[in-house]
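Numbering-wise (our numbering), the sequence shown opens with residue 64 and increments by one.
For every residue, glycine included, the Cβ atom is placed at its ideal position computed from N, Cα and C.
Only a predicted model underlies this, so the values are computations on that prediction, with no experimental measurement involved.
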Amino acid sequence: MSEYKILSGIKSPDDVKKLDESQLDELCSEIRDKLIETVSVNGGHLSPNLGVVELTVALNRCFNFPKDSIVWDVGHQSYVHKLLTGRYEDFHTLRTKGGISGFPKRTESKYDDFNTGHSSTSISAAFGIANAKKLSGDTSSHTIAVIGDGSFTGGLAFEAMNNAGQQKKSNLIVVLNDNKMSISKNVGAFPRYLRTVRIQPWYIRMKKNTEKLVMKIPGLGRYIRGFLKRGKSRIKNMVYKDTLFDCFGFTYIGPIDGHNIEELENAFNGAKRVSEPVLLHVVTKKGKGYQFAEEKPGEFHGIGRFDIDLGEPMSSHKGFSAEFGKTLCELAEKDDKICAITAAMSSGTGLNEFEQKYKNRFFDVGIAEEHAVTFGCGLASKGIRPVFAVYSTFLQRSYDQLIHDSALGNIHLTVAVDRAGIVGSDGETHQGVFDVSMLNTIPNTTIFSPCYFDGMRTSLNSAIYVCRSLAVVRYPRGGELYRPDDYTEENISFDIYGNKDCKNILITYGRLFSYACKAKQRLAEQGIEIAILKLCTIKPIDKKAIQFAKNAEKIWFFEEGIKNGGIARNFCDLLAMTDFSGDYHIRAINDEFVKQMEVSEALKMLRLDDDGMVNIISNEIKEND
Ligand SMILES: Cc1ncc(C[n+]2csc(CCOP(=O)(O)OP(=O)(O)O)c2C)c(N)n1
Numbered sequence: 064m065s066e067y068k069i070l071s072g073i074k075s076p077d078d079v080k081k082l083d084e085s086q087l088d089e090l091c092s093e094i095r096d097k098l099i100e101t102v103s104v105n106g107g108h109l110s111p112n113l114g115v116v117e118l119t120v121a122l123n124r125c126f127n128f129p130k131d132s133i134v135w136d137v138g139h140q141s142y143v144h145k146l147l148t149g150r151y152e153d154f155h156t157l158r159t160k161g162g163i164s165g166f167p168k169r170t171e172s173k174y175d176d177f178n179t180g181h182s183s184t185s186i187s188a189a190f191g192i193a194n195a196k197k198l199s200g201d202t203s204s205h206t207i208a209v210i211g212d213g214s215f216t217g218g219l220a221f222e223a224m225n226n227a228g229q230q231k232k233s234n235l236i237v238v239l240n241d242n243k244m245s246i247s248k249n250v251g252a253f254p255r256y257l258r259t260v261r262i263q264p265w266y267i268r269m270k271k272n273t274e275k276l277v278m279k280i281p282g283l284g285r286y287i288r289g290f291l292k293r294g295k296s297r298i299k300n301m302v303y304k305d306t307l308f309d310c311f312g313f314t315y316i317g318p319i320d321g322h323n324i325e326e327l328e329n330a331f332n333g334a335k336r337v338s339e340p341v342l343l344h345v346v347t348k349k350g351k352g353y354q355f356a357e358e359k360p361g362e363f364h365g366i367g368r369f370d371i372d373l374g375e376p377m378s379s380h381k382g383f384s385a386e387f388g389k390t391l392c393e394l395a396e397k398d399d400k401i402c403a404i405t406a407a408m409s410s411g412t413g414l415n416e417f418e419q420k421y422k423n424r425f426f427d428v429g430i431a432e433e434h435a436v437t438f439g440c441g442l443a444s445k446g447i448r449p450v451f452a453v454y455s456t457f458l459q460r461s462y463d464q465l466i467h468d469s470a471l472g473n474i475h476l477t478v479a480v481d482r483a484g485i486v487g488s489d490g491e492t493h494q495g496v497f498d499v500s501m502l503n504t505i506p507n508t509t510i511f512s513p514c515y516f517d518g519m520r521t522s523l524n525s526a527i528y529v530c531r532s533l534a535v536v537r538y539p540r541g542g543e544l545y546r547p548d549d550y551t552e553e554n555i556s557f558d559i560y561g562n563k564d565c566k567n568i569l570i571t572y573g574r575l576f577s578y579a580c581k582a583k584q585r586l587a588e589q590g591i592e593i594a595i596l597k598l599c600t601i602k603p604i605d606k607k608a609i610q611f612a613k614n615a616e617k618i619w620f621f622e623e624g625i626k627n628g629g630i631a632r633n634f635c636d637l638l639a640m641t642d643f644s645g646d647y648h649i650r651a652i653n654d655e656f657v658k659q660m661e662v663s664e665a666l667k668m669l670r671l672d673d674d675g676m677v678n679i680i681s682n683e684i685k686e687n688d
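Okay, structure coming up:
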C-alpha cells in the first residue's frame, strides 16, 4: 500500500492549492489507495468516491472553502473532500462508533456546510445558503451543489432548479456529476436526455461560437442575439438550441472531462465569472481507478468489508431482501397482476430476479419515492397488485402520498419496508426507526412486522391478498437471528411463547423477538419466568392480544423504533381501557437520533438486546422482592 507522501501533508484546502500541477496525479493516486484501503476494512461507499477524486481536488483548488460553500448531494461521495479538509488522520475511523461519518456532518467540520444522506436535496440547500449569504451582505462568495445524475431524477432537484433559475444573480453553481449510474444503471427520460447532451458537445460549442460571432456584428450584434434567443423560429432551433438547463435559467457549461484536472479548473474558473446560476456538466466514471469497481460499480457503490486483491466481499449471508425478492417472484409466477416498484433500489431491495423475469411488470421510477407511491396507487386503482419495495428511511419521503393517495381512498398498495430498525454504520440519516410511528398514525392501514423469513412470507401474502387498503410488511437489514427450536412463526396476528399463565410478560415485535427468546432463557437460569407476547400484526392490534396481556402483573415492552407514536404506547392505551392493574415498562428509542455504530452496538446502547432485557427485567423483579 501507498505511503501517502503527499496526502499525509494535506491539512486543509490551502495545502491542495499549494501543490504543483505535476504532483496532482500522484495525489489522486494516493487518495484512491486510501479510499480502497479504508473501505475494504470499514465498509462504505467506494465507487462513487473513486469517481470524484479529480473533481474534488479541482474544487478544493479553485474555491475558498469554507468562505465558499459546498453541498454534496446524498453525501456518500464526500470522502475525498474529507481527506482534503483536515480529516486524513482520523479517516481510519470512517463509519465506526464515534468516528468520521460516511456523510457530511456540520458538527464534524467547518468544511461540511450541510448534512445530507437522502438524495436530491443539494440544490435546494445550496440555493438557500446562497440567499442567506446575500441577505447578510456577502455578494462575492460562491455556493456549490454537487449532484449526481441519479439524484437529479428526484423531483426535489427539479423543484429547486425551477426556483433557483429565476434568480438572475445568485453565485450558485450546480455541478452535475454524470457517471451514467444511479446505484445501478440510471433510468428514465432524464438520463436519456443527458446522453444526447453528452454526445453532442459540438452542438453546445456551436451555440457559443454563434453567439460570439453574432456579437461581433457592429451595431446589430446585441439585437440579433436577442432575436435568436427569444425567437421560436426554425433558425433558433437550428443554431441556438438550448439545453434543458438553459431553459431553467441556468448557464450551461459542459460536458467536461471529470478526470482532467486542468479542464475542470478552467471550467470552474469560468463559472466563477458568470453571475447567473451555472450548471456545470462533468462526466466521470464510477469506480475509476480500481478495476473491480469499474467493472461492477453497482456492487462497489456501498459495500461491506472486502478483499482488495480479489475484489470479493468478506461475507455474504442470506438476508431478508433476497428472501423477499424470491417470494415476490413466486407469487408473480402464479399471478400476473403482481407488479414490483422500486425507487432506484432494485438490487438493495432484492428485486434483481424480478426485474429480469418480469420486465413488463417491473418499474424502476428513479429516486422518486413520492412518485413511486402515487404511481403504485394509480396501478392499484385499476385492479393491479403493486408492491413497492423501499428502505424504511426513504419511505419517509412518501408520508403524504401514503395518506392521501392510498389509505384515504381505500387504494390497495402493498409496501415492503426493508432495513426497518437500526441499520448500523450509515448512521442517523439512514436508521429505519421512524416508519412504525409514521405509519401507525394512518387510519385504514395494516402493518406486519415479522421476525423470521416464514413470517415475512405469510405477511406478504396477507398484505397482497387479504388487505384492502394500505398494507405494509416491514423487516430488518440482514438475515434471520436466533430462533428457539420449539418456535414456529405461524400466527399472522400474534403468538404467545412460553407459559400462558405466567404473570410476567415481555411484549415485542420484529427481530427483537430473537433477543427476547435469549433473554427468556437467561432469566429462567436466574429463576425468573417470563412469557413472550410476540406481535406480528402491529396495526391494528388484535383485541385478543390485549385480553391476554390484561391479566399480567408486570409487562415489559421492547420496541426497536421511536417511542413517540409507537406500538407500545398504543398497546398501553388499549390496556388502560381494560381492568389491567399491573405495572408496565416501555423500552424504545427516546426522542433522539441514533448515531453510527454496528447494529449490535446500537441495540446494546439502547438496552434493546438480550443483555438489556435481562438487566431491566431482573433488576425490577429483584427490587420488588
Ligand atoms: C431519498 C433517497 N432514496 C434513495 C437513496 C439511496 N441512494 C443513495 S446513492 C443513490 C444513487 C445516487 O446516484 P447518483 O446521484 O448518480 O450518485 P453516484 O453514486 O452515481 O455518484 C441512491 C439511490 C437515497 N440516498 N436517498
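Using the Cα positions of G312 and L235, report the straight-line distance between them to the nearest angstrom. Here residue 312 refers to the residue found at position 249 of the sequence shown. Here residue 235 refers to the residue found at position 172 of the sequence shown. Between G312 and L235, the C-alpha separation is close to 12 Å.
Suppose you measure from the CA of S512 to the CA of V536; what does that come to, to the nearest Å? For the purposes of this step, residue 512 is taken as residue 449 along the sequence shown, with counting starting at 1. For the purposes of this step, residue 536 is taken as residue 473 along the sequence shown, with counting starting at 1. So the two alpha carbons sit approximately 6 Å from each other.
Boundaries (first-last residue) of the alpha helix (DSSP H) holding Y256: Counted from its first residue, the sequence shown places residue 256 at position 193. For Y256, the enclosing alpha helix (DSSP H) begins and ends at A252 to I262.
Following the continuous beta strand (DSSP E) through Y647, name the residue where it begins and the one where it ends. Looking up residue 647 in the sequence shown gives position 584. First-last of the beta strand (DSSP E) with Y647: D646 to I652.
On the DSSP bridge list, what partners appear for P449? Against the sequence shown, residue 449 aligns to sequence position 386. P449 pairs with C402.
Taking contact to mean 3 or more Cβ pairs, one atom from each stretch, closer than 8 Å, check whether the segment 482-496 and the segment 595-615 are in contact. Because the criterion of three Cβ pairs below 8 Å is not met, the segment 482-496 and the segment 595-615 do not touch.
Restricting to Cα atoms, I'd like to know which of D83, S85, I69 and K81 is closest to R95. On the sequence shown, residue 95 is found 32 positions in, with the first residue counted as 1. Of the candidates D83, S85, I69 and K81, the one whose C-alpha sits nearest the C-alpha of R95 is I69.
Starting from the Cα of A252, find the closest Cα among I430, P129 and I604 and give me that residue. Position 189 of the sequence shown, counting from 1, holds the residue named residue 252. The candidate whose alpha carbon is nearest that of A252 is I430.
Ordered list of beta strand (DSSP E) runs contained in the segment 290-365, each at least 3 residues: If we require 3 residues or more, the beta strand (DSSP E) runs fully inside the segment 290-365 come out as 314-320 and 341-346.
Host beta strand (DSSP E) of R537 (start-end): Locating residue 537 in the sequence shown gives position 474, counting from the first residue. R537 -> beta strand (DSSP E) spans L533 to R537.
Those runs of the beta strand (DSSP E) which lie wholly inside the segment 463-502 and span at least 3 residues: 477-481, all fully within the segment 463-502.
Let's test the definition: count the other Cβ atoms within 10 Å of the Cβ of M244 and tell me whether it reaches 16, buried, or not, exposed. Counting from one through the sequence shown, the residue named residue 244 turns up at place 181. Counting Cβ neighbours within 10 Å, M244 comes out buried, since at least 16 surround it.
In angstroms with no decimal places, state the Cα-to-Cα distance between K299 and D305. Residue mapping note: residue 299 aligns to position 236 of the sequence shown, counting from 1. Residue mapping note: residue 305 aligns to position 242 of the sequence shown, counting from 1. Annotation note: pLDDT 46 at K299 (below 50); position unreliable, no value reported.
So F621 packs on L671, CB below 8 Å; how close in whole Å? Numbered from its first residue, the sequence shown carries residue 621 at position 558. Numbered from its first residue, the sequence shown carries residue 671 at position 608. About 6 Å separates the Cβ atoms of F621 and L671, confirming a contact at the 8 Å cut-off.
6 Å CB neighbourhood of H434 in its chain, flanking five on each side removed: By one-based count along the sequence shown, residue 434 stands at place 371. Excluding sequence neighbours, H434 sits near V428.
heavy atom of ligand 2 below 7 Å from M501 C-beta: Looking at this structure, you won't find ligand 2 anywhere; what it does contain is ligand 1.
Is F387 closer than 8 Å to A526 when the C-beta atoms are compared? As a working note, residue 526 is residue 463 in the sequence shown. As a working note, residue 387 is residue 324 in the sequence shown. Not in contact: A526 and F387 (Cβ atoms no closer than 8 Å).
Given a cut-off of 8 Å, decide if T521 and I555 are closer than it, judged by their beta-carbon atoms. To locate residue 555, count along the sequence shown from 1; it is residue 492. To locate residue 521, count along the sequence shown from 1; it is residue 458. In terms of Cβ geometry, I555 and T521 form a close pair [threshold 8 Å].
CB F383 to CB P539, shorter than 8 Å? For the purposes of this step, residue 383 is taken as residue 320 along the sequence shown, with counting starting at 1. For the purposes of this step, residue 539 is taken as residue 476 along the sequence shown, with counting starting at 1. For F383 and P539, yes; Cβs fall inside 8 Å.
Would the beta-carbon of A403 fall within 8 Å of that of F425? For the purposes of this step, residue 403 is taken as the residue at position 340 of the sequence shown. For the purposes of this step, residue 425 is taken as the residue at position 362 of the sequence shown. Yes, Cβ-Cβ distance for A403 and F425 is below 8 Å.
Backbone CA spacing between G541 and E664 [nearest angstrom]: In the sequence shown, the residue the question calls residue 541 occupies position 478. In the sequence shown, the residue the question calls residue 664 occupies position 601. Distance between the alpha carbons of G541 and E664 is about 15 Å.
Taking only three categories from DSSP, how would you classify F369? As a working note, residue 369 is residue 306 in the sequence shown. In the displayed model, F369 falls within a strand according to three-state DSSP.
Would you kindly report the start and end of the unbroken beta strand (DSSP E) that includes D427? Counting from 1 along the sequence shown, the entry for residue 427 is found at position 364. Where D427 is concerned, the enclosing beta strand (DSSP E) starts and stops at F425 to D427.
Shorter than 7 Å, the distance from the beta carbon of R255 to the closest heavy atom of ligand 1, or not? For the purposes of this step, residue 255 is taken as the residue at position 192 of the sequence shown. No, the beta carbon of R255 sits no closer than 7 Å to any heavy atom of ligand 1.
Of the listed residues L596, D370 and Q589, nearest to A579 (C-alpha basis): In the sequence shown, counting from the first residue as 1, residue 579 sits at position 516. Answer by Cα proximity: L596.
Hey, how far is the Cα of G645 from the Cα of L476? The residue you call residue 645 lines up with position 582 of the sequence shown. The residue you call residue 476 lines up with position 413 of the sequence shown. G645 and L476 have their C-alpha atoms roughly 39 Å apart.
Using the C-alpha atoms, what's the distance from M660 back to F355? As a first step, residue 355 must be located in the sequence shown, where it is residue number 292. As a first step, residue 660 must be located in the sequence shown, where it is residue number 597. One C-alpha to the other measures close to 27 Å.
Considering only the alpha carbon of each residue, which of K626, A227, L394 and H493 lies closest to V137? For the purposes of this step, residue 137 is identified with residue 74 of the sequence shown, where counting begins at 1. It is H493 whose Cα lies nearest to the Cα of V137.
Spell out the partners DSSP gives S237 in its beta bridges. What you label residue 237 is simply residue 174 of the sequence shown in a count that begins at 1. First, the amino acid is wrong: residue 237 is Val here, not Ser. Beta-bridge partners assigned by DSSP to V237: A208 and L342.
Whose C-alpha, out of D241, S132 and C91, is nearest the C-alpha of N178? If you number the sequence shown from 1, residue 178 lands on position 115. Comparing Cα positions, the closest option is S132.
Just the C-alpha distance for T600 and D468, rounded to the nearest angstrom, thanks. In the sequence shown, counting from the first residue as 1, residue 600 sits at position 537. In the sequence shown, counting from the first residue as 1, residue 468 sits at position 405. About 23 Å.
Along the beta strand (DSSP E) that carries F620, what are the first and last residues, could you check? Residue mapping note: residue 620 aligns to position 557 of the sequence shown, counting from 1. Start and end: K617 to I625.
Can we count I510 as close to ligand 1, meaning its CB is less than 7 Å from some heavy atom? Translated into the one-based positions of the sequence shown, residue 510 becomes position 447. Outside the cutoff, so no.
CB-CB under 7 Å to D320, same chain, minus the five flanking residues each way: which ones, in chain order? Walking along the sequence shown from the start, residue 320 turns up at place 257. In the same chain as D320, and ignoring 5 residues on each side of it, the C-beta atoms closer than 7 Å to its own belong to E326 and V346, in chain order.
By how many angstroms is the C-alpha of T412 removed from the C-alpha of I246? Looking up residue 246 in the sequence shown gives position 183. Looking up residue 412 in the sequence shown gives position 349. Taking the straight line joining both Cα atoms gives about 12 Å.
Measure the C-alpha to C-alpha separation of I324 and R368 and round it to an integer number of angstroms. Counting from 1 along the sequence shown, the entry for residue 324 is found at position 261. Counting from 1 along the sequence shown, the entry for residue 368 is found at position 305. Between I324 and R368, the C-alpha separation is close to 31 Å.
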